Amino acid sequence: RRVVGVTSGRVGASGARRVVVASAGLHTTTYTPLWARLNGVPRRVSLPVIMATNARAMSSLPEHIVVTMPALSPTMTQGTIVSWSVSPGDEVSAGDQLGEIETDKATMSFDSTEDGYVAKLLVDEGTADISLGSPVLVLCEEASDVEAFADFVAAVAPTEAAPAPTEAPAPVPAASPTLAPTSAPATPRASGDRVFASPLAKRMASEVGIPLAVMTGTGGNGRVTKADVLAFKAALDAAPAQPTASSSAPASGAYTDIDLTNMRKTIAKRLMESKQTIPHYYLTVDVNMDNVVAIRKKLNEIADGKYKLSVNDFIIKASALAMKHVPEVNSSWQGDFIRQYSTVDVCVAVSTDEGLITPIVKNAHAQGLSSISSSVKDLATRARDGTLAPEEFMGGTFTISNLGMFGISNFSAIVNPPQSCILAVGTTERIVVPDATSDNGLGVSEMLSCTLSCDHRVVDGAVGAQWLKHFRNYLENPMSMIL
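Numbers given in the working numbering equal positions in the sequence shown, counted from 1, plus 132.
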């Protein structure tokens, strides 16, 4: 191998530094992605991001490079070409958008890292499940070289030839099972009739789930024996299977099968993994929001249009400050150790057409309410537009999921691994509560129900309870968040 050159700059949206090495006419790229450097990943990552074909090794074609599917997120293994922004013959420069790729997290811009002309698009728009490193387009140096690639086919790794199919023997019609008279289901006994059976027959029938009442016993006085159970089970096993509801069309009504997006596949995989591997437990607390409602109204009145605070902004701020009192909640499970974070990066669940995404309000404990409000609005808008950068939605130390705007009183959320906790927030409701200052001893307050889902490997019940105590204190005394 020989080093052809070292370049700096971005590879796609991953922002990698790369070193190009030539070997037998094939250029490969070894790089450290930006997401790895930003998140402190100590190792280098080697992926075939760009393969450049040596013109001297393939003299029949002009100088060109074959651009492959890039890794646009650390968990991405395949992607979908949503759309192309270029066509064959177009001139592109480093940084120009080539198209859009749907990753396991979001739809992201696919940018060029080279100058040149688009010689051929190797993958059609809408092609799904393209593995990392698979060729997607060709760039050449001169516009006059584009026509030479009209019939270009990217080289693929040789695969072992599949064995030639052998002609299957003609199926032999299966004989219809004939049940012995002694094993055939008998006419159901009248309710209350006693069934006589040996102890062994009773145990065997219970283990295989066959009611004794459906069998005719061959023992003395119609007693069901071991042989009767075995014969009946053999007859059932030999009988042809009946079609299930899932294998036949529905009895009535129509339906539509919806293809899974990469994001939906990832959501399903991660949430299934979370529920199967994380020992969840749940703590619920009711919070009096009268003071938050009052101070929010006053602050919005004097904002003069510069900001508009929501109840969720106060919840984010209270959550972040409570972390400083109970840092154990601001931790993550790392397999053989627990990582405790010194900053609080709060993920806010945002619903999009493609699924749920959690943009991050970074350093929420150090931000003011107006700053948090602006950040959440900007992140939510760009999340729905699909324009978030990977570092804006990957990571975080704590998550808040708020369904109050849909009128949900309370619910339990699933922990977002490797985080240890997630807070589920319901709607604010006017509820009658004890009030010592009123004549009848009762009053009406704005109450909010919040449920903290915890990973018991990291956060014990008493620790979670302490966090909720501080969280509630901040919301019931919102002026303390300003101090």
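C-beta: ideal position from N, C-alpha, C; glycine also.
On a predicted model such as this, the values are computed, not experimentally measured, just so you know.
As the crow flies, the alpha-carbon of S544 is around 27 Å from that of E523. Secondary structure of Y414 (DSSP, three-state): strand. With a contact defined as Cβ atoms closer than 8 Å, P194 and A282 miss out at about 13 Å. Here M240 carries a strand assignment [DSSP, helix/strand/coil].
About 7 Å separates the beta carbon of T583 from that of L415, a gap short enough to meet the 8 Å contact definition. For N423, the CB contacts under 7 Å within the same chain, skipping 5 residues up- and downstream, are E608, N609 and P610 in chain order.
Per the DSSP secondary-structure output, V285 pairs with nothing in a beta bridge. Taking the Cα positions, T388 is about 21 Å away from T259. When DSSP states are grouped into helix, strand and coil, F530 belongs to the strand group. DSSP places Y249 in the uninterrupted beta strand (DSSP E) bounded by G248 to L253. Contact between V476 and A496 holds, since their C-beta atoms are separated by about 5 Å, short of 8 Å. In the three-state reduction of the DSSP assignment, M579 falls in the strand class, which pools E and B. Under the three-state reduction of DSSP output, R471 falls in the strand class. Per DSSP, the beta bridge partners of W465 are I470.
Within the DSSP secondary-structure output, S503 pairs in no beta bridge. The C-alpha of L392 is placed about 44 Å away from the C-alpha of I427.
Here R604 carries a helix assignment [DSSP, helix/strand/coil].
When the alpha-carbon of S244 is set against those of G349, L535, M201 and P549, the nearest one is in M201.
T398 and D517 do not touch by the CB rule: their CB atoms are close to 19 Å apart, not below 8 Å. For the pair of segments examined, the region 401–409 was found not to touch the region 564–575: the number of CB pairs separated by less than 8 Å stays below three. With at least 16 other beta carbons inside 10 angstroms of its own, H196 counts as buried.
Its chain contains T559 as the residues whose beta carbon lies nearer than 7 Å to that of G539, once the 5 sequence neighbours on both sides are disregarded; these appear in chain order.
In this structure S533 is buried. Its beta-carbon is surrounded by 16 or more other beta-carbon atoms within 10 angstroms. Note on geometry: alpha-carbon atoms of S217 and V268 lie some 13 Å from one another. Rounded to whole angstroms, the gap between the alpha carbons of N462 and V214 is 37 Å. Comparing C-alpha distances from M537 to each of V547, L580 and I563 shows the shortest one belongs to L580. Burial check for Q466: the Cβ neighbour count within 10 Å stays below 16, so the residue is exposed. Close CB contacts of S612 within its chain, under the 7 Å cut and outside five residues either way in sequence, are with Y606 (chain order).
Assignment of N420 by DSSP, reduced to helix, strand and coil, places it in the strand class. Check the Cα spacing between K365 and each of A333, S464 and R514: the tightest is with A333. By the CB criterion at 9 Å, L511 and V480 fall inside the cutoff. Burial check for T209: the Cβ neighbour count within 10 Å stays below 16, so the residue is exposed. Apart from sequence neighbours up to five positions away, the residues of its chain that approach P549 with a beta-carbon distance below 6 Å are S406, ordered along the chain.
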